[in-house]
Amino acid sequence: MIYMRNITITTAKSATYLENVGLRRAHRAIPANKFKKFRSFVPYRGQRRSLKRKRLSFINKLGNIKKTAVTPHRNMLIIDISVMNSAPAPEPIGRIMERNMLKKVVTAALIAAASAASANAAVIYASSVVSAKQKGYVAPVRSNPIAATGAEDGSFYSLGFGGSIVLGFSSLVSGAGKVFEVTNLPRETYIESAIFSVSLDGKSWTTLGEYSNQVSSLYSATPFLFLKVEDTSPVIAGHGRDGYDIDAIGFEEYVAAVPLPAAGLLLIGGLAGLGAMKRRKAA
Numbered sequence: 011m012i013y014m015r016n017i018t019i020t021t022a023k024s025a026t027y028l029e030n031v032g033l034r035r036a037h038r039a040i041p042a043n044k045f046k047k048f049r050s051f052v053p054y055r056g057q058r059r060s061l062k063r064k065r066l067s068f069i070n071k072l073g074n075i076k077k078t079a080v081t082p083h084r085n086m087l088i089i090d091i092s093v094m095n096s097a098p099a100p101e102p103i104g105r106i107m108e109r110n111m112l113k114k115v116v117t118a119a120l121i122a123a124a125s126a127a128s129a130n131a132a133v134i135y136a137s138s139v140v141s142a143k144q145k146g147y148v149a150p151v152r153s154n155p156i157a158a159t160g161a162e163d164g165s166f167y168s169l170g171f172g173g174s175i176v177l178g179f180s181s182l183v184s185g186a187g188k189v190f191e192v193t194n195l196p197r198e199t200y201i202e203s204a205i206f207s208v209s210l211d212g213k214s215w216t217t218l219g220e221y222s223n224q225v226s227s228l229y230s231a232t233p234f235l236f237l238k239v240e241d242t243s244p245v246i247a248g249h250g251r252d253g254y255d256i257d258a259i260g261f262e263e264y265v266a267a268v269p270l271p272a273a274g275l276l277l278i279g280g281l282a283g284l285g286a287m288k289r290r291k292a293a
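Take the sequence shown: its position 104, counted from the start at 1, is 114 in this note's numbering, and no numbers get skipped.
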């Protein structure tokens, strides 16, 4: 981060003029001994206030400065600024801006790599039943736990009020998930819910949260192999329900961190673009 103690902007052409004119300064309460001082001349075309505001807006973003002062004079902007810097000599503002741009390029490359990996992740559905504890009376057609495995096909398994099931996945999964819950009656009236928990070893569990049949999206920040679903549906007298009904549950296949070579290729592409921008600016 760039820390600024004060900034003065004028349209003078020389540092001598800067010292002679009466300028207002915008100060920040930062110890002076932590800063090194330099002046940088920035070309400025035109005297229109709209252009000045754009230039000031850009400069203010560098240090989150709320106040600046401008004195119109000819066609040059002078920036007098104090910047925190551990280097032996003060850096030109252009170099600081260049370094910040490089950070943005690196960040963009890593985000792009992560997005590409996410886009290529396959959806893995639960493939096995580790255990199933159905509670209360449930029709036989809804009592086969295998119906909760595989992709959605219209057949489902009902947990029963207070029942539970533990499903296994053939490979590590994580990230975004989706549950296909079957409610034949209006969901707004027939609320069914369950607590979802995940585990890597089938012993230690992490709760993702409680979800109703009005929500189909799940998310796990950590990879796992087992998923437990415990019914928490409210029992309402006179309603012929049998708890949370599961047709299918799928999650994204877990993808390890992007290898350095792949990220490096994206970074090289970003740096090449940065070089082209610098050459265009120099021209």
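Each residue gets a CB set at the ideal place from its N, CA and C atoms; glycine is no exception.
Less than 8 Å between the beta carbons of residue i and residue j, yes or no?
i      : j      : result
Ser6   : Val225 : The structure shown does not extend to residue 6, since the chain spans only 11 to 293, so no value can be given for it.
Leu235 : Phe206 : no
Gly187 : Ser138 : no
Tyr167 : Pro155 : yes
Phe190 : Val245 : no
Using the Cβ count rule (16 or more neighbours within 10 Å means buried), how would you classify residue i?
i      : result
Asp241 : buried
Ala204 : buried
Val183 : buried
Gly253 : buried
Ala231 : exposed
Leu169 : buried
Thr78  : Residue placement at Thr78 cannot be trusted, given a pLDDT of 38 that sits under 50; what the coordinates show is reported in the next sentence. Buried.
What does the alpha-carbon distance come out to for the pair residue i and residue j?
i      : j      : result
Ala131 : Ser209 : 20 Å
Ile134 : Val140 : 17 Å
Ile201 : Ser153 : 20 Å
Ser243 : Tyr264 : 31 Å
Asp211 : Ala136 : 15 Å
Tyr221 : Tyr229 : 11 Å
Thr217 : Ala266 : 22 Å
Pro233 : Tyr147 : 35 Å
Ala157 : Val192 : 12 Å
Gln144 : Thr159 : 16 Å
Asn223 : Gly185 : 20 Å
Val176 : Ala142 : 6 Å
Ser181 : Gly219 : 22 Å
Lys213 : Ser227 : 24 Å
Trp215 : Glu262 : 19 Å
Please report the residue range of the beta strand (DSSP E) in which residue i lies.
i      : result
Ile156 : No beta strand (DSSP E) contains Ile156, which DSSP labels as neither H nor E.
Thr217 : 216 to 222
Leu177 : 174 to 191
Gly260 : 255 to 263
Pro233 : 227 to 241
Ile201 : Unbroken run through Ile201: none, as it is neither H nor E.
Val148 : No beta strand (DSSP E) holds Val148; DSSP gives it neither H nor E.
Arg142 : Residue identity check: residue 142 is Ala in the sequence provided, not Arg. Segment 138 to 143, the beta strand (DSSP E) holding Ala142.
Val133 : 133 to 135
Open item on the list: Count Cβ pairs between the stretch 161 to 169 and the stretch 250 to 259 that sit closer than 8 Å; are there 3 or more?
Closed with: yes
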